[in-house]
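Visitor:
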Ligand code: GDP
Ligand code: ZN
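Numbering (the numbering used here), first residue to last: 3 to 295.
Right, here's the structure in full:
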């Protein structure tokens, strides 16, 4: 009998696969988790007992940094929000929504701009660097940015998000040549029509883990989590220094008189694109009530 600490890579049919000291162990969860209605999740740091000639068990789940319900996963450190300079054209609303979801869940957003060989990244770079994000310009053609992405993956659990065709698979292939992911497919294998629960796995890449569904289809974060309107301003990190300083304490920062955030936009301190998307997102979440979540 041996006790080890490791990370849950995946769970299938009541079994959990835990990587500990570079070895994979199949384990069952102790009954106490079921009793307390706690499900072990991919990403969980756990203590396990490895038995000779008997089932291995998960004995303890360490406190989580975060938990996503849909898709079910714990402890994501970083969300790489991937957009391309052209084809598909970058949509800053999608980017800002993904960033907000990450911020709400204590996940560090990293902005990745792909296909720099096909266009000019500077506009997107300005928006996201001004807002205070690590922004990496990449090209799968030239290898630009791959080394930085490797460094950011190492030692962390990461996920990639971004529309089909932005170049996520190509980027990962450039980062780790051992992956050989298929690219350029408008794949509908995991199409929206199917309602089967997609299980999430962690894949070892460059000394870290990438959370994904088998086959690298990338997790759908856009529909994953809901944000309340009162939380939204805190999901735009460059707003934070102004929060609490508007004329009215109920200020929604959308068009209100005496809004410090709108002033900061006019002074060129907050990028108008970020504020515009905040307003659109605000109107989207306004209708949501806490009990609906
Ligand atoms: P994914 O759906 O986000 O995984 O996107 P893919 O990696 O499959 O890429 C979609 C298409 O864009 C493919 O035809 C790739 O060859 C192409 N592509 C991806 N990255 C780059 C890049 O940096 N430069 C160029 N020129 N083409 C790229
Ligand atoms: Zn305001």
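We put the beta carbon where it would ideally sit given N, CA and C, even for glycine.
Should the stretch 40 to 47 be regarded as contacting the stretch 124 to 134, the criterion being three or more beta carbon pairs within less than 8 angstroms?
Guide: The stretch 40 to 47 vs the stretch 124 to 134: no contact.
Visitor: Below 8 angstroms, how does it come out for the stretch 51 to 63 and the stretch 89 to 103: are there three or more Cβ pairs, yes or no?
Guide: Segments in contact, no.
Visitor: If you draw a straight line from the C-alpha of residue 234 to the C-alpha of residue 22, how long is it?
Guide: Against the chain shown, residue 234 aligns to sequence position 232. Against the chain shown, residue 22 aligns to sequence position 20. One C-alpha to the other measures close to 38 angstroms.
Visitor: Looking only at its chain, what residues have a beta carbon closer than 8 angstroms to the beta carbon of residue 17, apart from the 5 residues adjacent to it on each side?
Guide: For this step, residue 17 is matched to residue 15 along the chain shown. Answer for residue 17: 28, 29 and 30, listed in chain order.
Visitor: What are the boundary residues of the beta strand (DSSP E) that residue 86 is part of?
Guide: Mapped onto the chain shown, residue 86 falls at position 84. First-last of the beta strand (DSSP E) with residue 86: 80 to 86.
Visitor: Could you spell out where the alpha helix (DSSP H) holding residue 95 opens and where it closes?
Guide: The residue labelled residue 95 in the question sits at position 93 within the chain shown. Its alpha helix (DSSP H) spans residues 94 to 106.
Visitor: What separation, rounded to the nearest whole angstrom, lies between the Cα atoms of residue 74 and residue 230?
Guide: Locating residue 74 in the chain shown gives position 72, where the first residue counts as 1. Locating residue 230 in the chain shown gives position 228, where the first residue counts as 1. Those two C-alpha atoms are separated by around 20 angstroms.
Visitor: Please report the straight-line C-alpha distance between residue 164 and residue 85, rounded to a whole angstrom.
Guide: As a position in the chain shown, residue 164 is number 162, starting the count at 1. As a position in the chain shown, residue 85 is number 83, starting the count at 1. Straight-line Cα distance between these residues: approximately 6 angstroms.
Visitor: Where the beta carbon is closer than 5 angstroms to any heavy atom of the ligand ZN, which residues qualify, in chain order?
Guide: After applying the 5 angstroms Cβ criterion, the set is 248, 253, 255, 261 and 263.
Visitor: Output needed for residue 113: all residues of its chain with C-beta closer than 6 angstroms, excluding positions within five of it in sequence on either side, in chain order.
Guide: Numbered from its first residue, the chain shown carries residue 113 at position 111. These residues qualify, in order along the chain: 83, 130, 135 and 137.
Visitor: To the nearest angstrom, report how far apart residue 194 and residue 88 are at their CA atoms.
Guide: Here residue 194 refers to the residue found at position 192 of the chain shown. Here residue 88 refers to the residue found at position 86 of the chain shown. In this prediction, residue 194 scores a pLDDT of 43, lower than 50, which makes its location untrustworthy; no coordinate-derived value is stated.
Visitor: At which residues does the alpha helix (DSSP H) containing residue 13 begin and terminate?
Guide: Reading the chain shown from its first residue, position 11 is the one you call residue 13. Careful: residue 13 lies outside any alpha helix (DSSP H), inside the beta strand (DSSP E) at 4 to 14.
Visitor: Hey, how far is the Cα of residue 99 from the Cα of residue 53?
Guide: Residue numbering aside, residue 99 sits at position 97 when the chain shown is read from its first letter. Residue numbering aside, residue 53 sits at position 51 when the chain shown is read from its first letter. About 46 angstroms.
Visitor: Is the stretch 173 to 181 touching the stretch 151 to 160, taking contact as three or more C-beta pairs under 8 angstroms?
Guide: In short, these stretches touch, since the Cβ pair count reaches three.
Visitor: Bridge partners of residue 70, per DSSP?
Guide: Taking the first residue of the chain shown as 1, we reach residue 70 at position 68. Residue 70 pairs with 75.
Visitor: From the DSSP output, read off the bridge partner residues of residue 64.
Guide: The residue labelled residue 64 in the question sits at position 62 within the chain shown. Residue 64 pairs with nothing; no bridge assigned.
Visitor: Checking the sheet assignment: what are the DSSP bridge partners for residue 213?
Guide: Within the chain shown, residue 213 is the residue found at index 211, counting from 1. Answer by DSSP bridge pairing, in chain order: 161 and 204.
Visitor: Can you tell me whether DSSP reads residue 129 as helix, strand or coil?
Guide: Position 127 of the chain shown, counted from the start, is the residue given in the question as residue 129. It is helical.
Visitor: Measuring straight from C-alpha to C-alpha, what distance separates residue 191 and residue 249?
Guide: In the chain shown, residue 191 corresponds to position 189, counting from 1. In the chain shown, residue 249 corresponds to position 247, counting from 1. Low confidence applies here, because residue 191 scores a pLDDT of 46, under 50, leaving its location unreliable; read the following figure in that light. Spanning the two alpha carbons is a distance of roughly 52 angstroms.
Visitor: Name the residue from 4, 275 and 247 whose alpha carbon lies nearest to the alpha carbon of residue 56.
Guide: Stepping through the chain shown from its first residue, residue 56 is reached at position 54. Looking at the Cα atoms, 4 is the closest of the given residues.
Visitor: Check the C-beta distance from residue 108 over to residue 67 and give it rounded, since I have them as a contact under 8 angstroms.
Guide: Locating residue 108 in the chain shown gives position 106, where the first residue counts as 1. Locating residue 67 in the chain shown gives position 65, where the first residue counts as 1. The Cβ separation is near 6 angstroms, so the contact holds.
Visitor: With a CB to CB cut of under 6 angstroms and the five nearest residues on each side skipped, what residues in its chain are close to residue 240?
Guide: Residue mapping note: residue 240 aligns to position 238 of the chain shown, counting from 1. Excluding positions up to five away in sequence, the list reads 133, 134 and 272.
Visitor: Output needed for residue 266: all residues of its chain with C-beta closer than 7 angstroms, excluding positions within five of it in sequence on either side, in chain order.
Guide: The residue labelled residue 266 in the question sits at position 264 within the chain shown. So the list reads 244 and 272, once near-sequence residues are dropped.
Visitor: Looking only at its chain, what residues have a beta carbon closer than 8 angstroms to the beta carbon of residue 287, apart from the 5 residues adjacent to it on each side?
Guide: Taking the first residue of the chain shown as position 1, residue 287 is located at position 285. Same-chain partners within the cutoff: 228, 229, 230, 231 and 234.
Visitor: Could you check where the alpha helix (DSSP H) with residue 272 kicks off and where it finishes?
Guide: Stepping through the chain shown from its first residue, residue 272 is reached at position 270. Element bounds for residue 272: n/a, residue is neither H nor E.
Visitor: Using only the alpha-carbon positions, how far apart do residue 121 and residue 140 sit?
Guide: Start at 1 with the first residue of the chain shown, and residue 121 comes out as number 119. Start at 1 with the first residue of the chain shown, and residue 140 comes out as number 138. If I take the Cα positions, the gap works out to 11 angstroms.
Visitor: Tell me the DSSP secondary structure of residue 58 in three-state form.
Guide: Along the chain shown, read from residue 1 onward, the residue named residue 58 stands at position 56. Of the three classes helix, strand and coil, the one that applies to residue 58 here is strand, per DSSP.
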